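A short write-up of the structure that comes next.
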Amino acid sequence: MKMQMAITGRGGQGVLFLTRILTECALDLGQEVIASETHGMAMRGGSVISTLKVGPFRGPLIGSGQADLMLVLDEGSMETFFHLLSKDGALFLNSPSSGSHPFIDATGLAAGIGSPLMANLVLLGFTLQHNKLFCDYPLTESVTGRISPERFREANLKALKLGYSFPSSQRPG
Amino acid sequence: MKRILLGNEAIARGLLENGCSFAASYPGTPASEILSTFLQMAKAENSPAIGEWSINEKVAFETALAVSYAGGRSAVSMKQVGLNVACDPLMSSAYTGVKGGFLVISADDPGPHSSQTEQDSRMMAMMAKIPALDPSTPQEAKEMIGAAYQISEEFEIPVMVRPTTRVCHSRQGILLGEIPSPVLPSGFPKDPQRWAATPRYRFTLHLKLNQKIEAITEKYGKGSFLRVLGNKSARQCIISSGVALAHTYDLIKELNLENQIALYQVKMPYPLRAKAILDEISPFQDILIIEETYPVIEMQLAMRNRIKGRMDGSIPPQGELVPDVLLESIRTFAQIPGEKKPLPSGKPRRPTLCPGCPHRAAFYALRQALPDGIYPSDIGCYTLGLNLGAVDTVLCMGAGISQAAGLYHAFRIKGEIPPIAATIGDSTFYHAGVPALINAVHNGARFVLLILDNSTTAMTGDQPTPALERLADGRQGKAVAIEDLVHASGVQNIKVIDPYELEEMTKAIKEAHEATRSENGGVSVIIARHPCLMSPGASKKQKVYCMEVTGDCVACEICFRDFECPAIGPDPQSGMAKIDQNICSGCGVCAQVCPQEAIKTKGSEGTRIQGAL
Chain A
0 MKMQMAITGR GGQGVLFLTR ILTECALDLG QEVIASETHG MAMRGGSVIS
50 TLKVGPFRGP LIGSGQADLM LVLDEGSMET FFHLLSKDGA LFLNSPSSGS
100 HPFIDATGLA AGIGSPLMAN LVLLGFTLQH NKLFCDYPLT ESVTGRISPE
150 RFREANLKAL KLGYSFPSSQ RPG
Chain B
0 MKRILLGNEA IARGLLENGC SFAASYPGTP ASEILSTFLQ MAKAENSPAI
50 GEWSINEKVA FETALAVSYA GGRSAVSMKQ VGLNVACDPL MSSAYTGVKG
100 GFLVISADDP GPHSSQTEQD SRMMAMMAKI PALDPSTPQE AKEMIGAAYQ
150 ISEEFEIPVM VRPTTRVCHS RQGILLGEIP SPVLPSGFPK DPQRWAATPR
200 YRFTLHLKLN QKIEAITEKY GKGSFLRVLG NKSARQCIIS SGVALAHTYD
250 LIKELNLENQ IALYQVKMPY PLRAKAILDE ISPFQDILII EETYPVIEMQ
300 LAMRNRIKGR MDGSIPPQGE LVPDVLLESI RTFAQIPGEK KPLPSGKPRR
350 PTLCPGCPHR AAFYALRQAL PDGIYPSDIG CYTLGLNLGA VDTVLCMGAG
400 ISQAAGLYHA FRIKGEIPPI AATIGDSTFY HAGVPALINA VHNGARFVLL
450 ILDNSTTAMT GDQPTPALER LADGRQGKAV AIEDLVHASG VQNIKVIDPY
500 ELEEMTKAIK EAHEATRSEN GGVSVIIARH PCLMSPGASK KQKVYCMEVT
550 GDCVACEICF RDFECPAIGP DPQSGMAKID QNICSGCGVC AQVCPQEAIK
600 TKGSEGTRIQ GAL
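Residue numbers (numbering that gives the first Met the number 0), protein chains in the order written: chain A, 0 to 172; chain B, 0 to 612.
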């Protein structure tokens with residue numbers, strides 16, 4: 000198993016939490032994993048990126064055209080990191096509308112169930128629906144439940160499920 | 000058992016697994032999580048190990064060093080520029096040496112991502128003449144803590160562990176070991192010729208230090224140099240250390256260059272056993288050194304005509320060695336043709352002060368009150384006052400105050416003195432602002448000082464300041480008030496204001512400036528006090544307004560251009576201000592900013608209620 004991926008967004012959108020979930024999933028699967036995160040000033044609303052490498056890698060960063068998968072929480076940060084996506088890579092976007100990539104209005108849907116801050120989990124659920132990740136929905140759901148703080152657990156799981164069961168007819172071809 | 004840990008958490012775990020009894024630090028990206036995790040893990044494991052957030056890195060260093068003098072294993076952690084602050088004890092402690100194992104964990108920030116320089120702490124270790132270990136992954140960082148303590152105690156010398164951002168802030172499955180009882184202080188062995196050495200004995204200590212370094216080179220130099228990749232057929236070699244080694248490793252594999260290139264890792268870049276390394280690498284046709292950020296290994300391998308690296312430009316002499324940069328360098332070195340790689344096409348979003356940030360209100364008031372002022376500032380979230388045009392200089396911790404004084408004296412000589420208003424955060428004020436303020440007052444400087452007091456060290460993740468009684472390890476401490484320090488520094492004119500009260504704040508800044516220019520004027524201080532909304536519970540303590548933009552908006556853009564609230568932007572159709580209710584904090588300050596009074600509290604004519612705190 001070898002997979003390189005990137006998760007981008009604005010500071011505060013929950014990129015770090017998704018990184019944590021996915022590294023824990025890799026560990027549960029017995030895979031080697033290393034991920035790089037953005038901390039510091041950029042977390043104040045600037046563009047942030049996590050890169051995650053599953054398999055026999057040593058360094059945490061990925062080069063241009065190397066990402067098999069990208070999760071984009073903030074459309075405005077997409078251009079900055081789009082060069083990382085490989086030619087055959089898949090990109091899942093948080094947006095009410097988009098041309099060329101599978102998208103979902105994760106922020107809107109999350110706001111609808113209580114908090115726009117759970118858009119990250121809606122997007123992760125949506126991505127899981129497409130079977131492009133190294134882990135599946137049941138594992139991701141159990142890890143999310145395990146590492147969520149008590150007071151957010153129920154809401155987080157609801158958001159993940161909402162993205163996962165998002166009607167596929169609304170996806171572009 | 001493996002657990003997913005951040006590099007800094009792995010380092011903290013390594014400290015506990017190796018018997019560290021006391022850790023001190025001052026927060027700074029990328030090192031901040033080391034101390035907080037150390038204390039959390041110690042508590043969870045019922046370990047008697049303790050620690051503290053010190054007021055600055057120099058104090059942290061000296062405090063932890065004294066624990067080592069008394070025989071306990073201790074550590075100090077900081078970001079690389081923090082080591083500049085602690086440089087004085089660093090240099091001297093290399094001479095005195097230590098008793099209990101003592102580690103200096105200095106986290107570098109190639110890039111830089113969150114720092115004012117890309118400096119290389121390994122070079123500081125070299126200047127101090129202490130060993131430096133350079134981990135390439137979080138797992139290795141944890142392992143190196145044990146090795147570092149061993150060297151430190153065996154040779155009674157401080158040992159540096161130098162992670163970089165990509166080690167500190169990488170997440171990896173880490174093998175956990177047992178946490179033993181910490182190595183506690185055994186007593187202070189009086190030895191004034193060592194601990195209080197005068198220059199005469201310092202010479203002897205220097206001699207001993209040189210002998211220690213030589214012995215460490217002899218004993219550990221060879222084992223810290225190892226071949227990690229490459230077949231027998233390899234004719235070229237790369238020597239690397241730190242996370243650059245990890246990325247080089249991945250690239251050599253990706254490019255299938257193992258038949259052509261041998262890769263060596265240097266785990267201890269200083270002291271280097273140069274002779275043994277040169278013997279090993281001399282047979283190779285070409286030699287390239289890849290390290291971050293300065294040529295520390297390269298300088299020690301004096302074979303300039305054969306070695307390529309940062310000094311001859313084969314590796315860019317500045318900047319982080321990310322895979323794209325390394326790929327170019329390795330391709331050139333291996334003489335394999337490159338293909339054009341896609342490049343970033345968009346600019347990253349710039350960071351901004353958060354919605355509802357009290358600093359935004361303070362900066363806006365400053366710009367209103369003294370539009371022609373010079374604004375020296377400092378290090379912290381409020382550096383982002385740049386976006387509001389209210390920050391003119393950012394040099395290093397505490398410099399905003401000294402530079403305000405310097406600018407005053409500069410213009411005093413010139414004869415025309417513009418308004419000067421410095422800003423500094425509360426934690427930075429404690430860290431290095433107090434001596435600067437005493438100096439400014441004593442030497443007759445005249446300027447306005449705004450202490451932006453959000454009651455936390457916000458930028459690095461809400462570490463407590465000396466203003467709070469809550470200590471890092473949960474104990475009750477003694478609060479030291481900013482007002483008292485300002486007063487004791489000789490400042491007569493002090494005011495405490497909530498910057499959310501924009502009109503009052505603006506008026507106070509104007510008056511403070513006028514006071515500096517009055518007959519007996521000096522430094523006027525305004526403490527702009529309002530808690531950081533990111534601090535747990537802080538936003539619940541203040542009134543939250545539901546804001547709306549009425550039809551009176553004339554699209555003047557002041558609320559999102561000048562006030563720069565990220566929760567407000569132009570409506571794509573009308574250009575009028577539009578509030579993003581998903582991120583609006585409901586602070587209500589924008590209603591005071593809008594000259595048309597077009598931003599209102601929904602459902603009423605209300606403006607912000609005074610005293611919402």
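For each residue, glycine too, the CB sits at the ideal point set by N, CA and C.
Computed from a predicted model, the values in this text were never measured in an experiment.
Check, Outcome
"Contact with chain B by A:G172, beta-carbon distance below 8 Å", "For A:G172, the predicted model reports a pLDDT of 39, less than 50, meaning its position is unreliable; a value from the coordinates is still stated below. Not an interface residue."
"Proximal residues, the region 40 to 66 of chain A versus chain C, C-beta separation under 7 Å", "Among the protein chains of the structure shown, namely A and B, there is no chain C."
"B:N442, buried or exposed, once every other Cβ within 10 Å from all chains shown has been counted against 16", "exposed"
"Beta-ladder partner(s) of B:L174, from DSSP", "B:K1"
"B:Y407 (DSSP reduced to helix, strand or coil)", "helix"
"Neighbourhood of A:Q65 by C-beta, 7 Å cutoff - its chain only, sequence neighbours within 5 removed", "Q3, L83, S85"
"Three-way DSSP call (helix, strand, coil) for B:C236 in this model", "strand"
"For B:G99, three-class secondary structure by DSSP", "coil"
"Exposure of B:K477, with buried meaning 16 or more beta-carbon neighbours within 10 Å", "exposed"
"Same chain, Cβ closer than 6 Å to B:E319, five either side skipped, listed in chain order", "P109, G110"
"C-alpha distance - B:V390 paired with B:P565, whole-angstrom precision", "18 Å"
"Closer than 7 Å at the beta carbon, the chain A residues around B:A245", "R57, G58"
"Touch test, the region 200 to 220 of chain B against the region 123 to 131 of chain B, Cβ-Cβ under 8 Å, three pairs minimum", "yes"
"Where B:D133 falls: helix, strand or coil (DSSP)", "coil"
"Inter-residue Cα distance where the pair is B:N614 and B:I286", "Outside the shown range of chain B (0 to 612) lies residue 614 of chain B, about which nothing can therefore be said."
"Three-state secondary structure assigned by DSSP to A:I20", "helix"
"Spatial distance of B:L451 from A:L138 (CA atoms)", "46 Å"
"Other residues of its chain near B:V495: CB distance less than 6 Å, five sequence neighbours each side excluded", "I526, R528"
"Contact list for the region 327 to 349 of chain B against chain A, Cβ threshold 9 Å", "K340, P341, L342, P343, S344, G345, K346, P347, R348, R349"
"C-alpha gap between B:E177 and B:A11, whole angstroms", "13 Å"
"Chain A within 8 Å of B:L532, Cβ atoms only", "no"
"Cα-Cα separation, A:S97 to A:L90", "11 Å"
"Length at least 3, wholly inside the region 446 to 482 of chain B: the beta strand (DSSP E) runs in chain order", "446 to 452"
"7 Å Cβ shell around B:S328 - same chain, five flanking residues per side excluded", "S313, I314"
"Contact with chain A by B:Q171, beta-carbon distance below 8 Å", "yes"
"Cβ-based neighbour list, A:D67, same chain, cut-off 7 Å, excluding 5 preceding and 5 following", "M2, Q3, M4, S85, G88"
"Exposed unless 16 or more other CB atoms sit within 10 angstroms - verdict on A:G111", "exposed"
"Per-residue DSSP class, three states only, for B:R272", "coil"
"Closest residue to B:D551 among B:F562, B:G521, B:C593 (Cα-Cα distance)", "B:C593"
"Residues bridged to A:M4 [DSSP beta-bridge criterion]", "A:L51, A:L68"
"Nearest candidate by alpha-carbon position, reference A:T18, set A:S164, A:I146, A:Y163", "A:I146"
"Rounded straight-line distance, which links the Cα of B:K601 to that of A:G162", "32 Å"
"Under the three-state DSSP convention, the category A:D87 falls into", "strand"
"Neighbourhood of B:G337 by C-beta, 6 Å cutoff - its chain only, sequence neighbours within 5 removed", "R330"
"Which of helix, strand or coil DSSP assigns to B:E257", "coil"
"Exposure label - B:F202; buried when at least 16 CB within 10 Å", "exposed"
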